[in-house]
Amino acid sequence: MTAPSAPTAPVQSAPSSTIFSDGFESGNFSAWSSVTTAGDGTATVQSAIVRTGTYAAQLTESANSGSKSYVRKTFSAMQDLTATGDFELLQAGASSTGNVPFFRFLDPSGTRLVSLYRQNGTSNQIFVNYGGTPYLTTGRLALNTWATFSVHVTTNGTASTVAITLNGAQIYQTTSASLGTAGIATLQIGNDTAAQVFGLVADNISVQDASVPVPPSNTSPPTIAGTAQEGQTLTAGSGTWSGTQPINYAYQWQRCESSGANCAPIAGATTTTYTLTAAEVGSTVEVAVTASNTAGSGTASSAPSAVVVPAPGPPPGLVALWHMDETSGSTMFDSVGSHNGSLHSTQTGLNGFSGTAYGFNGSSSYLSVPSSADLNPGSANITFTIHLKTAGTPPPPPADWDIFRKGLYTDGAEWKMEFQQTGQASCGFEGTSGYAELVAGPAINDGQWHTISCAKTATMIQVIVDGQTFSKAATIGSITNTTNVAIGARPGSDWYQGQLDEASVQIG
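In the working numbering, the protein residues as written are 1 to 508.
Have a look at this one:
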């Protein structure tokens, strides 16, 4: 669940240092100075994908000649400013074919001074460019993941400052950039270079005069995402804050009565995630976020979660359940058995279907679980399930993306789930009586979470997409192999790109 949120105090008006702010709640680009599209480029304000509120901007551009999409806000030239915005990248071009800008800053003559962008490719790397030179930051951003960028720029000749934070953590800083002294007069989101493939959602864009220190003020309260159940991990969102950047955030989880009243701090629970224990059953929890900068600090609390319920008992036949809630380390823990797995180039701690999820980069990310006899169904029924979120498209057949498998066709025994170029899931089984495969269901590469199950009985195989079942008559026989379980790839090929969460295997 995602708990509803309500501010702990009336929402404050923008501080005097804010010279521009737009959450797109007007439903259009009326706050911007110009909107430019060309060819099949698009710039819209929509409600399907938002960070907060009802609306957010969405810009797209294709590789077709003349395709272009960007918006600009022009203001009086400033020597010292901070721009902040929330972004989700839905689509990017192929490797070595350009980049996707988040922010661009132009001087009064229209010359680019600073650009913040994600380089196309498979490494998710964030770069900043000034003086015509690109500089690699320590930031990374996978597709279909919200992120908050803040860019502080001071134009002071050869002693100019460029400082960048990603989700509150600094990823780049210099005090020796050469940016001249004309100042910054235009902010841009989107790309003014034509035929560069991208799909970008932007929300909560603001520009502040950084020369006037302003303490943090909460404009949208902290949030809690996850399932209010013992053993599940909740994830805190910092909310939205105005004030002089950089702003640092501290977290304190609190246990409250079932009504949400009389909250008390939970000892040691001071990170962005918290795994619920038996002590919270029958209670609610909330998170208090303290934002601080050089001018002061402020604290705001989320709305309480739903009442925490006990963990269920495992359903019959459940032999493995990987919540994928780990936020560090290289081990994926099995919550019902001993089938712990290993992470390979896998991003952790992303917002998940439940709790947190793993991110897969499409080139080297996968999970490996050692083979075990109880992961082989033999002649019994088997159902394996996973939750996925992607906006990508696999290559054409015979290639595809491997999602979840044990065994290979060459082993003579396998069960597998794959993702086809059509955007559909497929399930395949090979046993002592032969092989059968079914590609079925709607296209699900829409950037939303979907639940996929593959099932085998004595007489049929099934693809189950978000509760809708598609069946095919088949006699598979017995399935037994000694190959490791692989999630997110057929190691060495068929790499998945997107997010995965909550994988399980049920036999019998």
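Where is the CB? At the ideal position from N, CA and C, for every residue including glycine.
- Rounded to whole angstroms, the gap between the alpha carbons of T390 and G359 is 10 Å.
- DSSP places H450 in the uninterrupted beta strand (DSSP E) bounded by H450 to K456.
- Scanning its chain for C-beta atoms nearer than 6 Å, with the 5 sequence neighbours on each side dropped, one finds around L234 the residues I224, G226 and Y274, in chain order.
- The continuous stretches of beta strand (DSSP E) do not include M324, and DSSP gives it neither H nor E.
- Taking 3 residues as the shortest admissible run, the region 172-240 contains the following complete beta strand (DSSP E) segments, listed from N- to C-terminal end: 184-191, 198-209, 217-220, 223-225 and 233-237.
- Leaving aside the five residues that flank F419 on each side, the residues in its chain whose CB is nearer than 7 Å to its CB run, in chain order, P394, D400, W401, I403, A425 and Y496.
- Spanning the alpha carbons of S478 and G349 requires a straight line of approximately 37 Å.
- Listed in chain order, the non-local C-beta contacts of S330 below 7 Å within the same chain comprise S342 and L343, local neighbours out to five positions each way being set aside.
- Of all alpha-carbon atoms in G231, S302, V289 and L90, the one lying nearest the alpha-carbon of G260 is that of S302.
- By the CB criterion at 7 Å, A455 and Q462 fall inside the cutoff.
- By the Cβ-count criterion, D494 is buried, with 16 or more other Cβ atoms from all chains shown falling within 10 Å of its own Cβ.
- In this structure, A94 lies away from G66, with their beta-carbon atoms at least 7 Å apart.
- A Cβ-Cβ separation of about 5 Å places T483 in contact with G407 under the 8 Å criterion.
- In this structure, V287 keeps its C-beta atom at 7 Å or more from the C-beta atom of Y249.
- Here C256 has N262, C263, S283, T284, V285, E286 and P304 as same chain residues with Cβ atoms under 7 Å from its own Cβ, once five neighbours each way along the sequence are excluded.
- Distance from the Cα of Q468 is smallest, within the candidate group V485, D86, T459 and A440, for A440.
- In the structure shown, the three-state DSSP call for L276 is coil.
- DSSP places Q245 in no beta strand (DSSP E); its state is neither H nor E.
- Comparing C-alpha distances from A177 to each of L200, Q196 and V153 shows the shortest one belongs to V153.
- S17 sits away from D40, with the two beta carbons spaced by 7 Å or more.
- The alpha carbon of D86 has as its nearest neighbour, out of V212, S363 and W241, the alpha carbon of W241.
- Between G243 and P216, the gap from beta carbon to beta carbon is short of 7 Å.
- About 5 Å separates the beta carbons of I19 and V207, which is inside the 8 Å limit, making them a contact pair.
- Residue state for L143 is assigned as coil, using DSSP reduced to three classes.
- By the Cβ neighbour-count rule, A278 is exposed, with fewer than 16 other Cβ atoms within 10 Å of its own.
- Proximity of the region 69-78 to the region 136-144 falls short of the contact definition, fewer than three beta-carbon pairs being nearer than 8 Å.
- Each residue's CA atom was taken as its position, placing T410 and V465 some 28 Å apart.
- Its chain contains R51, D86, F87, E88 and N351 as the residues whose beta carbon lies nearer than 8 Å to that of W146, once the 5 sequence neighbours on both sides are disregarded; these appear in chain order.
- In the structure shown, G378 falls within a strand segment according to DSSP collapsed to helix, strand and coil.
- Taking C-beta separations shorter than 6 Å and ignoring five residues to either side along the sequence, the partners of M417 in its chain run I403, F404, C427 and C454, following chain order.
- Between L318 and N381, the alpha-carbon positions lie close to 12 Å from each other.
- Within the model, the alpha-carbon separation for D203 versus D107 is close to 24 Å.
- Excluding residues up to 5 positions away in sequence, T175 and S176 lie with their Cβ nearer than 7 Å to the Cβ of A159 in the same chain.
- Residue environment: S34 is assigned as exposed (fewer than 16 neighbouring CB atoms within 10 Å of its CB, all protein chains considered).
- Closest by C-alpha distance to T385, out of Q421, P442, S338 and H323, is H323.
- DSSP, read as helix, strand or coil, puts A373 in helix.
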